[in-house]
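Residue numbers (this note's numbering): 243 to 430.
Everything on this sheet refers to the single structure shown next.
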């Protein structure tokens, strides 16, 4: 494996400064390169960054940002479409996204975009994401069951109260039974 780029070797605080400069539309890459090299010199670092290294890094960060924006837009569109849909459909969508991510990772591995050193970390992240999705689905299922149980209990209490009031009010046993079944949603 080749040596890390001059950008990868920057101290975290100087890397943050580079990020800040690259986000500023008034600062060119050439100016950002010069300013970072000034900071490196002022702090006594021997390393310097090149314009091409800054350009490659900026392109990589912009690509990552574009992918993030695109995935957010896609998620927003699907959530808008499936927002009122059963949780299972949303879960299926998330599972499909995970499958696509795993496929993309395998392509990157084949294209040697991932190294033996970076692969375990990526796999760990995918596992963590899968586990989080599994837990969210389980939690969602529990919430749906809990809400159904609460509604059932509320209907039962309403039916009991209606039965008492109906009996006290002089309704016939058949009318009370019919009222109770209507509240409980019993179909004939």
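Glycine is no exception: its CB is placed at the ideal position from the N, C-alpha and C atoms.
For residue i, I'd like the list of residues in its chain whose CB is within less than 7 Å of its CB, leaving aside the five on either flank, ordered along the chain.
i	result
residue 343	368
residue 409	418
residue 400	425
residue 265	none
With DSSP as the reference, label residue i as helix, strand or coil.
i	result
residue 390	helix
residue 315	helix
residue 268	coil
residue 246	coil
residue 412	coil
residue 359	coil
residue 326	Bear in mind that a pLDDT of 49 at residue 326, under 50, signals an unreliable position, so the number given afterwards is only what the model happens to contain. Looking at residue 326 - three-state DSSP - the assignment turns out to be coil, as it is neither helix nor strand.
residue 437	The shown model of the chain, from 243 to 430, leaves out residue 437, and the question about it has no answer.
residue 405	helix
residue 263	helix
residue 347	helix
residue 293	helix
residue 254	helix
residue 304	helix
residue 354	coil
residue 429	coil
Between the options, which lies nearest to residue i when the distance is taken from Cα to Cα?
i	options	result
residue 252	262, 276 and 287	287
residue 402	349, 425 and 370	425
residue 394	278, 284, 380 and 423	423
residue 420	411, 405, 412 and 410	405
residue 378	337, 361, 409 and 261	337
residue 295	274, 310 and 309	274
residue 297	312, 263 and 412	263
residue 299	258, 389 and 268	258
Is the beta carbon of residue i sitting closer than 8 Å to the one on residue j?
i	j	result
residue 256	residue 272	no
residue 373	residue 364	no
residue 375	residue 340	yes
residue 361	residue 371	no
residue 260	residue 278	yes
Determine the extent of the alpha helix (DSSP H) in which residue i is found, giving its start and end residues.
i	result
residue 287	Note, residue 287: premise wrong, no alpha helix (DSSP H); not H, not E.
residue 422	415–426
Only counting the same chain, and skipping five residues up and downstream in sequence, which positions put a Cβ closer than 6 Å to that of residue i?
i	result
residue 248	289, 291 and 295
residue 268	none
Between residue i and the rest of its own chain, which residues show a CB-CB distance below 8 Å, the 5 nearest in sequence each way excluded?
i	result
residue 427	397
residue 293	271, 272 and 275
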